[in-house]
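Okay, so here's the structure we're looking at.
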Amino acid sequence: MAVAVEKLITSDILKPARYLGNERLAVHKPWDTTAIRWVLTYPEVYEVGASNLGHIILYNILNAQPRQLCDRAYLPGQDLAAKLRETNTPLFAVESKRSLTEFDILGFSLSYELGATNILEMLDLAGIPLTWRERQKAGEAGGEFTNLQSQFPLIFAGGQTATSNPEPYADFFDFFALGDGEELLPEIGLVLEEGKQAGLSREHLLLDLAQIPGVYVPQFYDMAKDGSVHPCRPDVPKRILRRVATPIPAYSIGLVPYVETVHDRLTIEIRRGCTRGCRFCQPGMLTRPARDVEPDKVVEAIEQGMRATGYNEFSLLSLSCSDYLSLPAVGMEIKNRLKNENISLTLPSQRVDRFDENIANILGGTRQGGLTFAPEAGTQRMRDIVNKGLTNEELLRGVKTAWEQGWDKIKLYFMIGLPGETDTDVLGIAETVSWLQRECRGKGRKPLNFNLTISNFTPKPHTPFQWHSVSTTEFKRKQNLLRQEFRRIKGVKVNFTDVRISAMEDFVGRGDRTLGKVVRRAWELGAGMDSWYENLDQAFSAWGSAIAQADLDWKYRQVENGEWNLFHAQDHKRSGDEENTQLLTPVQTRLIASLPTQTRLIASLTTPHSLDIPLPWDHIDTGIDKKWLQEDLQRALEAAIVPDCSFEGCSHCGVCGTDFGHNVVIESPAIPKFAGEFVPNTTKAQRLRVWFGKQGNMALISHLDLIRLFDRVVRRAGLPIAFTGGFHPMPRISLATALALGATSSGEIADFELTVPVAVDAFREQLAREMPTDIPIYNVEQIDLKASAATQLLESAEYLITVAALEEATPIQWQDWIDTIKAKEELWYEHTTKSGKSQLINLRDRLFELELVETHNSITESISSVIRYLGSYRPDGLLLRPEQILFMLEAVASGEFQLLHIHRNRLILRV
């Protein structure tokens, strides 16, 4: 049954529209006609999860499957979470409003090492036991089964962190989906449907799932003493294959939230995978081979997506957009096609060496977006060590091109703590920024400003640098070096990553199954939303205490002190020089041999880890050979570059073959001729005034969200809206006034100015077709072009308010109070202005009409009433608000009242 959550999703919680599930392009499939019911959850707040491209793609793909239904859930805000716990209401899926326990399968995206605490919070709110063992035990105890022969849905995780090293989280999930999910999840759905029809037990169902390439079922594997993982039964694979799929841009179109999200735009993937070979980069290693999307399909998806969503911005997504050779051609084609619609393009961080005038042209325009490059290191030596493939000349050429094309501020990403780094390399970051500023100066131009993010290198599984660590003390020292250096450089804003969280990410990200108890205890101690700055202190304290209580603080200290390190000399020596040297592997011996003599001696004595020891993630087959990673580590120490195999020779990493496919690089079509920038059409050929309502769930949409909604509706309807002039042209849509969050209305007004006359009936039909059903269009009238805006003509407003007395009151008493208010000539109210000054106002002067409409029994058995009033509502601030009617009632009744609901009947304009 659907959970009765309507009473919890009210205007007193932050952004209640997060939980409505009524976004445009949301898919509502009938519950009773589907065999398998999924919930895809993103364990973050709605604004983050609802704009995640992977979340949208998989949601669309699953709902495209016959007999399969997919709903969504997100981490609720603290206010709603408190309400759920207070009322014993389980966490629900946003579209069906059903409890998560009613579904067959519940999938989480695990894309951050410390993100599992949010998952545990969601499971707890849903009333689902946290571990697979607890769920299995509860199933054995019996009970009413509603899905897949169990009381609880199957719980799985996917995403980058789940694929790279699932072991720290193995206790909590029935299985993991490794790699790309576009083909894998539908296969899982088919197995579940067959198993459900056959009445298979949970164990047999999981065994069937374990036969699907890409599905890892932890309970069928045991951890050895050395941390490695091996099958505990013969009928499951020894190594689990990462799945690879071809991107399908059409599935990226969907879910247009009413709430402003983190990525409030249409996002289309143009290339999946990266073969640049940056040695610190886990996504680059986990997504090989590189696969270009055909340019025609990208253009088609963008054009269809912009029409279907009404967005005014789109983004092209890839790990390295600049390596998509068709980028300038695709960008220019779309820019030309949508030239008259004030559309802008944004790109994520891109290769500075590929940035040229062609890319600058597709990014520029009336709403020029930000520009981000990632040099990563401040010296050529360090960029060679990490295999960045970027020279100083290429860096300068790219930055200078951006400056010459009009950018005055550029964002740069750097890292500190990289293997082989010296203080000279660290200070090279400041020297590089200063050099770029000097080279980009000119008369009549502002100095080039930089916004820098300097993060701490965190080693990741399946990368050549997975055998490396840096001490927290070193990170702090290097950050201080840079802080002192940047004090002398103007026009630079520097942001540093907190060193405490970096150490935690390292500890958990490279951990084994013993960390399951740490993750759980950290959540119990208050960890959650750990990537958010305001939660950092609490998160660090919780994780630190959890590690100590698990008696693993000794292991954490190894990470924190940088003891897993093949590059830097340590300040201490160990006994048994000869014995330790004999334990080194051939690769390790070559590494140490390439170091300076003093460093070589100390490194040979202080390296406690062999490159050949088993790692907790060795049973995950990503396609990259572990031996190749070791060899690439040797090349890093020699500062040797490995070319990008998408454009040069094969690097023999081991990926390309039948299991993972091959690189797909598509040559660029000709770049279309630039048709010119968007020129806002400021022609005012027609002015229309629209009367509309705000009903049902739309009452929980804020005023700013409503303004965005109107903009998107006009775009989807293809109406010829006029724009303002200037650097940031805006559509000429003017709402008369705001309505309080949670209030309904049948009398809102908006003015529209068009560049071409449109028949009034046609305008109304086109507008209503694209509007949500809870925003009805009542009337449209053409008004004079020179007429004052509705917001300037406001005179009064009529409301129906529902008010409850906290003590019992009869209908006669209510009428007496109303009559007493009407009989008075003065009712003084102390008003505090925005500047903090107090002033007395006579509310009676602002009240024109007042009547009791009806009375009825409320839930508390006292009498509540519906009161109609007509009051002043002038643009100069002379207003009579619904709350002030309560003040009048309390003044004449000497009692307390509660405002239950506000409905605005109409706005009255001055003639």
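The number in our numbering is simply the position in the sequence shown, starting from 1, with 164 added.
The beta-carbon is built from N, C-alpha and C at its ideal position, and this holds for glycine as well.
Bear in mind that the values here come from a model prediction, so they are computed numbers and not experimental data.
Short Cβ contact (8 Å threshold) for residue i with residue j
| i | j | result |
| --- | --- | --- |
| E208 | L239 | yes |
| G534 | G592 | no |
| E1047 | L1071 | no |
| I913 | A954 | yes |
| M387 | R677 | yes |
| L294 | D338 | no |
| G343 | G378 | yes |
| P180 | L903 | no |
| T410 | S215 | no |
| P453 | H816 | no |
| L284 | W687 | yes |
| I549 | A594 | no |
| V806 | N551 | yes |
| K573 | N620 | no |
| G1035 | R1008 | no |
| T431 | R876 | no |
| F444 | S486 | no |
| Q643 | F660 | yes |
| I220 | L419 | yes |
| F639 | G581 | yes |
Cβ-based burial, residue i [other Cβ within 10 Å; buried from 16]
| i | result |
| --- | --- |
| I952 | It is Ser, not Ile, that sits at residue 952 in the sequence shown. Answer is exposed; the Cβ neighbour count stays below 16. |
| H732 | Bear in mind that the predicted position of H732 carries a pLDDT of just 44, short of 50, making it unreliable; the figure below should be weighed with that in mind. Buried: at least 16 other Cβ atoms inside 10 Å. |
| L178 | exposed |
| H1067 | buried |
| D268 | buried |
| P921 | exposed |
| H626 | buried |
| K858 | buried |
| D808 | buried |
| V672 | buried |
| D335 | buried |
| I756 | Note that I756 scores a pLDDT of 47, beneath 50, so its modelled location is shaky; the value from the coordinates is reported in the next line. Classification of I756: buried, given that the 10 Å Cβ count is 16 or more. |
| A538 | buried |
| E433 | buried |
| L769 | With a pLDDT of 32 at L769, under the threshold of 50, the modelled position of that residue is not reliable, and no figure is offered here. |
| S416 | buried |
Supposed contact pair residue j and residue i - C-beta distance, whole angstroms, cut 8 Å
| i | j | result |
| --- | --- | --- |
| D372 | V355 | 5 Å |
| E477 | S508 | 5 Å |
| N525 | F838 | 6 Å |
| Q850 | L918 | 4 Å |
| A881 | E945 | In fact, because the Cβ distance is near 18 Å, the residues do not count as touching under 8 Å. |
| L405 | D785 | 5 Å |
| D789 | G821 | With 8 Å as the limit, D789 and G821 do not qualify as a contact, their Cβ atoms being about 11 Å apart. |
| L255 | A280 | Their Cβ separation, rounded to whole angstroms, is 16 Å, which puts L255 and A280 out of contact at 8 Å. |
Residue range of the alpha helix (DSSP H) that includes residue i
| i | result |
| --- | --- |
| M995 | Residue 995 is actually His in this sequence, not Met. H995 -> not in any alpha helix (DSSP H); beta strand (DSSP E) instead, spanning 992-996. |
| E467 | 459-473 |
| N525 | 521-527 |
| H1067 | Not the alpha helix (DSSP H): H1067 falls in the beta strand (DSSP E), residues 1061-1073. |
| G448 | 446-450 |
| M387 | Segment 385-387 is the beta strand (DSSP E) holding M387; no alpha helix (DSSP H) there. |
| E277 | It is not in any alpha helix (DSSP H) - E277 carries neither H nor E in the DSSP assignment. |
| T253 | Where T253 is concerned, there is no enclosing alpha helix (DSSP H), given that its DSSP letter is neither H nor E. |
| K681 | 680-688 |
Bounding residues of the beta strand (DSSP E) (the contiguous stretch that carries residue i)
| i | result |
| --- | --- |
| D235 | 232-238 |
| G1035 | 1027-1036 |
| M579 | 573-580 |
| P395 | 393-395 |
| W202 | 200-206 |
| I225 | Per DSSP, I225 belongs to no beta strand (DSSP E); it is in the alpha helix (DSSP H), 217-227. |
| Y942 | 941-947 |
| L481 | 477-481 |
| A968 | 958-969 |
| Q569 | Neither: Q569 is in no beta strand (DSSP E) and is coded neither H nor E. |
| I432 | 430-433 |
Below-8 Å beta-carbon distance, residue i vs any chain C residue
| i | result |
| --- | --- |
| D344 | The chain inventory of the structure shown lacks chain C, comprising one protein chain alone. |
**Item:** alpha helix (DSSP H) runs contained entirely in the stretch 847-913, provided each spans 4 or more residues
**Value:** Complete alpha helix (DSSP H) runs here, min 4: 867-881.
**Asked** In chain order, which continuous runs of the alpha helix (DSSP H) of length 4 or greater are located wholly inside the stretch 285-335?
**Response** Whole alpha helix (DSSP H) segments, 4+ residues: 296-304, 324-328.
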